Amino acid sequence: MTMHSTPAEATRALIEAYYAAFNEGRPQGMLDLLSEDVAHDINQGQREAGRAAFAAFLDHMNVSYRERLTDIVVFASADGRRAAAEFVVHGEYLKTDAGLPEARGQRYVLPAGAFFDVRDGKIARVTNYYNLQDWTAQVGG
2 MTMHSTPAEA TRALIEAYYA AFNEGRPQGM LDLLSEDVAH DINQGQREAG RAAFAAFLDH
62 MNVSYRERLT DIVVFASADG RRAAAEFVVH GEYLKTDAGL PEARGQRYVL PAGAFFDVRD
122 GKIARVTNYY NLQDWTAQVG G
């Protein structure tokens, strides 16, 4: 990270780097920005804890989906401890995910958002939100 004049600017840069790594297909780049005990709240699912669980989640996602994010806007609290992002997911459904419609390479465009806790310059929580019913309708479920 480069030097930033405020905690909010440093946090915005951290979240922007996280999404840049996502869009560049660099899961290790994403993992390097997470705390060892990161909490991950999966959309309409459970909370997972730890970088290893997050790595397994990314591996699974990269098999079933190909996604790119656009229109990313990052907000950060003045103290840099909390952040939020809003973006549009452009994806392709590659491999059927358990409990979801059959994958046939369907494409989707989905507005989404995320909330973050930041501790000691690392992402300590990621909470993702999107409309699962919208996604299901787009892939023909």
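Positions 2 to 142 (my numbering) are the ones given, in order, by the sequence shown. Glycine included, every Cβ here is placed at the ideal spot set by N, Cα and C. Please read these numbers as outputs of a predicted model, since none were measured by experiment.
In angstroms, rounded to a whole number, what distance separates the CA positions of residue i and residue j?
i, j, result
"His41", "Ala85", "14 angstroms"
"Val127", "Ala77", "14 angstroms"
"Met2", "Arg67", "Interpretation of Met2 is limited by its pLDDT of 49, a score under 50 that renders its predicted location unreliable; no figure is taken from the coordinates."
"Phe23", "Thr7", "25 angstroms"
"Gln139", "Asn63", "19 angstroms"
"Phe117", "Val90", "18 angstroms"
"Phe58", "Arg52", "10 angstroms"
"Leu133", "Asn44", "8 angstroms"
"Glu25", "Ser65", "17 angstroms"
So, are the CB atoms of residue i and residue j less than 9 angstroms apart?
i, j, result
"Arg108", "Glu93", "yes"
"Ile124", "Tyr19", "yes"
"Ala56", "Leu32", "yes"
"Ala9", "Ala79", "yes"
"Ala11", "Gly100", "no"
Ignore the nearest five residues each way along the sequence and tell me which others in residue i's own chain have a CB closer than 6 angstroms to its CB.
i, result
"Arg13", "Val75 and Ala77"
"Val110", "His91"
"Glu49", "His41"
What residue from the options has the CA that sits closest to residue i's CA?
i, options, result
"Gln29", "Ala50, Gln45, Arg105 and Asp60", "Asp60"
"Arg27", "Arg69, Thr137, Ala99 and Trp136", "Arg69"
CB-CB under 8 angstroms to residue i, same chain, minus the five flanking residues each way: which ones, in chain order?
i, result
"Gly114", "Ala85, Ala86, Glu87, Phe88, Asn129, Tyr130 and Tyr131"
"Ile73", "Glu17, Tyr20, Ala86, Glu87 and Phe88"
Just confirm the distance between the C-beta atoms of residue i and residue j, as a whole number of angstroms; I'd bet it's less than 8 angstroms.
i, j, result
"Tyr102", "Gly46", "Sequence check: residue 102 is Pro here, not Tyr. Rounded, the Cβ-Cβ distance is 17 angstroms, inconsistent with contact."
"Ser36", "Arg120", "6 angstroms"
Near residue i, what residues of its chain come up, given a Cβ to Cβ distance below 7 angstroms and the 5 sequence neighbours on each side ignored?
i, result
"Thr97", "Glu103 and Ala104"
"Asp135", "Leu111"
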